[in-house]
Each structure stands twice: as C-alpha cells, then as structure tokens.
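A.B. asks: Before we start, here is the structure in question, set down as structure tokens.
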Amino acid sequence: MAAVCLEDPTLERHFKGHRDAVTSVDFSLNKKQLASGSMDSCLMIWSMKPQMRAYRFVGHKDAVMCVQFSPSGHLVASGSRDKTVRLWIPSLKGESTVFKAHTATVRSVSFSSDGQSIVTASDDKTVKVWTVHRQKFLFSLSQHINWVRCARFSPDGRLIVSSSDDKTVKLWDKTSRECIHSFCEHAGFVNHVDFHPSGTCIAAAGTDSTVKLWDVRMNRLLQHYQVHSSVVNSLSFHPSGNYLVTASNDSTLKILDLLEGRLLYTLHGHQGPATCVAFSRSGDLFASGGSDEQVMVWKTNFDADYGDALKTQKSCSTVDGSHHTGQSEMDSGIHHKKTKTQDSGRNHEQQEVEASLANTLEHIMGQLDVLTQTVSILEQRLTLTEDKLKECLENQQKIIQNKTN
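Numbered according to the UniProt record's numbering, the sequence shown spans residues 1 to 405.
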C-alpha cells in the first residue's frame with residue numbers, strides 16, 4: 001500500500017457577518033461559494049474568491065437551523081424555526097420560494113444525490129420527502145416519538161436515515177416507506193447522522209460525546225470513538241470515505257482516520273461550541289461554524305495522490321468497536337498509487353473528453369435548476385395576483401349589495 005502523506009490542516013479563511021450562533025455550513029459543487037445558516041434568521045452566501053462580497057439573504061422569520069446546496073450548486077435549501085423551507089437561487093437577487101414544510105421547527109434539510117428530492121426533519125416528530133420541482137409533498141415517515149434532529153438520503157437514494165431525541169437512529173426504505181431497522185445504542189440522542197459515500201454504513205454524532213459507525217447491511221456497530229469531552233454536534237465524511245471530521249461543544253474539531261480507527265487531528269479555532277462542519281465535494285477543504293458567530297474554512301492538506309481514492313472508494317472499514325483505536329478488518333478502503341503506462345496520452349485525452357462532458361452536463365443541470373426555480377417563483381406570484389383579484393371581486397360584490405340594499 002502506498003503511503004499517504006498528511007500535513008496538519010490549516011485555517012485558510014474565516015468569515016464574520018452573522019449576528020448569532022452559526023448552525024449549518026455547506027460548500028457549492030465548484031467550491032466558489034459557501035452557505036451558512038444562523039440563529040440570527042439569516043442565510044449567508046460567502047464567495048471563496050478574495051475581496052468578493054458576501055450575500056445576506058433575509059426571508060425566514062426565525063432562526064435558520066440548516067442549509068444545503070443542491071448537487072449542481074445552483075440552489076440552496078434552508079430550514080427554519082419558522083416551520084418553513086426555502087429554496088434560494090444563490091445570486092445577487094436572492095430570490096426564493098417558500099413552503100410550510102412542518103408544524104414545528106425544521107431541523108434538517110437535505111437533497112437527494114440526483115437533486116430531484118429533498119428530505120426534511122422536524123420537531124413535529126416527522127421526516128418528510130418533497131420534490132424539488134414545485135415542492136410537491138410526497139410522503140411522511142412518522143415512527144419517531146420525539147423531535148427529529150437530522151435526516152439524509154443514501155447515495156443511491158434508496159434509503160433514508162434519521163436521528164431523533166427518542167434516542168434512536170432509524171433506517172427507512174424510500175420505496176416501501178417502512179422502517180427497516182432502528183439503532184438504539186446511544187446513551188444520549190443523536191444530533192447528526194449521515195451516510196458513508198459508499199452507502200454501506202452510517203455515522204452518528206451523539207450527545208453522549210461519542211461518534212459511532214454502523215454497518216447498514218449487517219446492522220452492527222463498526223466503530224466507536226470517544227474522542228470529544230462534550231456533545232458532538234455535527235460530522236462530515238471525506239469524499240473518499242476514509243476520513244471523518246466532527247464538531248463538538250468542547251470547541252474542537254476532530255479528524256478521524258476510519259481505515260486505522262484512530263484520531264488524527266484535533267483543531268482549535270472556535271471560541272465556544274463548534275456547532276457544524278462540512279467537507280467540500282472534492283475534500284480538499286472543510287468549513288466549520290460555531291456559537292462564536294464565525295465561519296472558518298480549513299485546508300485539508302491531504303497528499304495530492306490521495307485524489308485517486310475519490311474514484312475508487314467502495315466501502316467502509318471495520319474495527320473492534322469499543323474505543324477510538326482498533327484494527328481494520330476490510331481492505332476495500334485502501335487505495336494504491338497508479339503507475340504511468342504507455343497509454344497515458346490516450347488516457348489523458350479520454351479524461352479531457354470526460355471532464356468536458358461532465359462540465360456540460362453540470363451546466364445543463366444548473367440551468368434546469370434555475371429554470372425550475374424561476375417557474376416556481378412565477379407560480380407563487382401568479383397565485384398572489386389571483387388571490388388579490390378574487391379579493392377585489394368579493395369587495396366589489398359587497399359594495400354592489402350594499403348599494404342595492
């Protein structure tokens with residue numbers, strides 16, 4: 001196995017603009033923008049280019065609890081304590097469509113990998129699935145008996161995982177809409193849960209200061225990390241699936257090596273609880289937010305050769321599952337350096353064609369997202385116009401009736 005050179009992650013930039021604790025962060029696909037939500041009820045879109053202005057989007061009437069870019073990066077979803085979800089076009093105008101998603105605080109909002117659906121989780125004890133186009137309600141998952149903190153689609157879109165204050169993490173089949181398993185091993189409840197990029201396991205951040213990984217095929221505990229001294233608020237998988245970053249009330253971020261089952265780095269930056277963390281889609285950056293109202297961007301500093309891992313990742317490794325150290329049982333996450341071959345020129349041409357095709361498809365997806373959102377905005381305006389017209393006609397009829405009387 002080729003050695004992977006690791007350097008300490010470094011703080012690249014930090015953003016100040018929120019007026020209360022930051023609740024959520026997420027990168028756009030191209031890393032040109034970073035979204036953050038806050039208890040100040042605002043959504044901020046930060047440009048990663050130096051000297052560029054940030055956008056402050058105002059629309060929610062209460063704290064913004066969660067934000068996420070669509071896979072194409074042309075939409076941003078936000079959920080709020082005002083019980084609504086908004087879909088924003090992250091541009092200067094900051095236009096958005098809004099819909100009442102739940103009867104209580106919306107804690108979590110997340111896109112499916114194809115960008116066609118969103119899943120929301122709420123203090124009304126439900127998980128709901130919606131279409132992105134026209135925000136059509138599809139179905140609700142209602143077996144939790146307390147607030148639902150987080151919900152995520154699996155990479156293939158066939159499963160949904162949710163975590164609740166009822167101290168369970170539930171795995172749902174999206175097609176049958178049935179709960180296929182409940183994980184109940186946390187002493188506290190789980191603040192944040194997400195799928196491994198391979199879709200074979202999930203990670204959960206607990207109020208009992210632990211991070212746990214479960215295999216969703218065998219429904220068994222894979223790894224158990226006790227590396228924080230306080231509540232773990234958030235976590236994010238590196239796109240390779242070999243690393244996990246966590247954020248905690250102990251004010252630290254931790255990077256875990258999932259192949260070796262050990263703690264790699266402890267990062268100090270936030271003054272007070274670190275509330276959220278997210279890797280960029282390429283994994284070379286990650287962002288964190290805290291109760292200190294700051295958003296920080298960190299450079300991962302993984303070796304450049306490690307990029308090959310993003311193309312070949314298959315599964316999650318397994319360790320003994322008692323503490324933060326252990327031995328790997330599976331080698332499917334281990335990646336070997338590629339040697340140069342005589343076909344390198346042909347491979348280079350093929351890569352260029354693939355990259356060009358991918359960029360074209362991404363552009364088309366983005367334009368479709370914007371078009372969908374524009375249609376939704378026009379529909380909302382048309383509905384408002386119709387309502388006002390109806391109101392005018394009713395008032396006119398009342399006036400005529402009063403005159404005849």
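Built from N, CA and C at the ideal position, the CB exists for glycine as well. Being a predicted model, the structure only gives us computed values, none of them experimental.
What three-state label does DSSP hand Q401 in the structure shown?
C.D. replies: Three-state result, Q401: helix.
A.B. asks: Could you check where the beta strand (DSSP E) with N233 kicks off and where it finishes?
C.D. replies: 232 to 237 is the span of the beta strand (DSSP E), which, as asked, contains N233.
A.B. asks: Per DSSP, which one or two residues make a beta bridge with R158?
C.D. replies: The partner list for R158 (beta bridge, DSSP) is empty, contrary to what the question assumes.
A.B. asks: Determine the extent of the beta strand (DSSP E) in which L141 is found, giving its start and end residues.
C.D. replies: Where L141 is concerned, the enclosing beta strand (DSSP E) stretches over 137 to 141.
A.B. asks: Look at the Cβ atom of F183, then the Cβ atom of V169, and state whether they are nearer than 7 angstroms.
C.D. replies: Yes, these two residues count as a Cβ contact at 7 angstroms.
A.B. asks: State the start and end residues of the unbroken beta strand (DSSP E) segment that holds I45.
C.D. replies: Run containing I45: 42 to 47, per the beta strand (DSSP E) assignment.
A.B. asks: Count the other C-beta atoms from every protein chain shown that fall within 10 angstroms of the C-beta of F286, then say buried if there are 16 or more, exposed otherwise.
C.D. replies: Buried is the call here.
A.B. asks: Could you check where the beta strand (DSSP E) with G206 kicks off and where it finishes?
C.D. replies: Start and end: 201 to 206.
A.B. asks: Can you give me the C-alpha to C-alpha distance between S198 and K388, rounded to a whole angstrom?
C.D. replies: One C-alpha to the other measures close to 51 angstroms.
A.B. asks: Could you compute how far the alpha carbon of Y55 sits from the alpha carbon of D26?
C.D. replies: Those two C-alpha atoms are separated by around 15 angstroms.
A.B. asks: Just checking my contact of S117 with V106 at CB under 8 angstroms: how many whole Å lie between their CB atoms?
C.D. replies: Incorrect: roughly 16 angstroms between the Cβ atoms, too far for contact.
A.B. asks: Which value, in whole angstroms, describes the spacing of the CA atoms of E201 and D257?
C.D. replies: First, the amino acid is wrong: residue 201 is Cys here, not Glu. Answer to the nearest angstrom: the Cα atoms are 15 angstroms apart.
A.B. asks: Express the C-alpha separation of F302 and H336 in angstroms, rounding to a whole number.
C.D. replies: The predicted position of H336 is uncertain, since its pLDDT is 34 and thus under 50; a value taken from the coordinates is nonetheless stated next. Distance between the alpha carbons of H336 and F302 is about 15 angstroms.
A.B. asks: By the DSSP assignment, the beta strand (DSSP E) with G79 in it spans what residues?
C.D. replies: 76 to 80 is the extent of the beta strand (DSSP E) around G79.
A.B. asks: Quick one: is T210 buried, meaning 16 or more other Cβ sit within 10 Å of its Cβ, or exposed?
C.D. replies: Buried, since its Cβ has 16 or more Cβ neighbours within 10 Å.
A.B. asks: Which of the three DSSP states, helix, strand or coil, is assigned to E113?
C.D. replies: Before going further, note that residue 113 is Ser rather than Glu in the sequence given. S113 falls in the coil class under three-state DSSP.
A.B. asks: In angstroms, rounded to a whole number, what distance separates the CA positions of K299 and T385?
C.D. replies: When rounded, the distance between both Cα atoms is 49 angstroms.
A.B. asks: If you measure between the beta carbons of S112 and C150, is that distance less than 7 angstroms?
C.D. replies: In this structure, C150 does not lie closer than 7 angstroms to S112 by Cβ.
A.B. asks: Relative to the alpha-carbon of S236, which residue among A205, A101, Q396, L29 has its alpha-carbon at the smallest distance?
C.D. replies: Comparing Cα positions, the closest option is A205.
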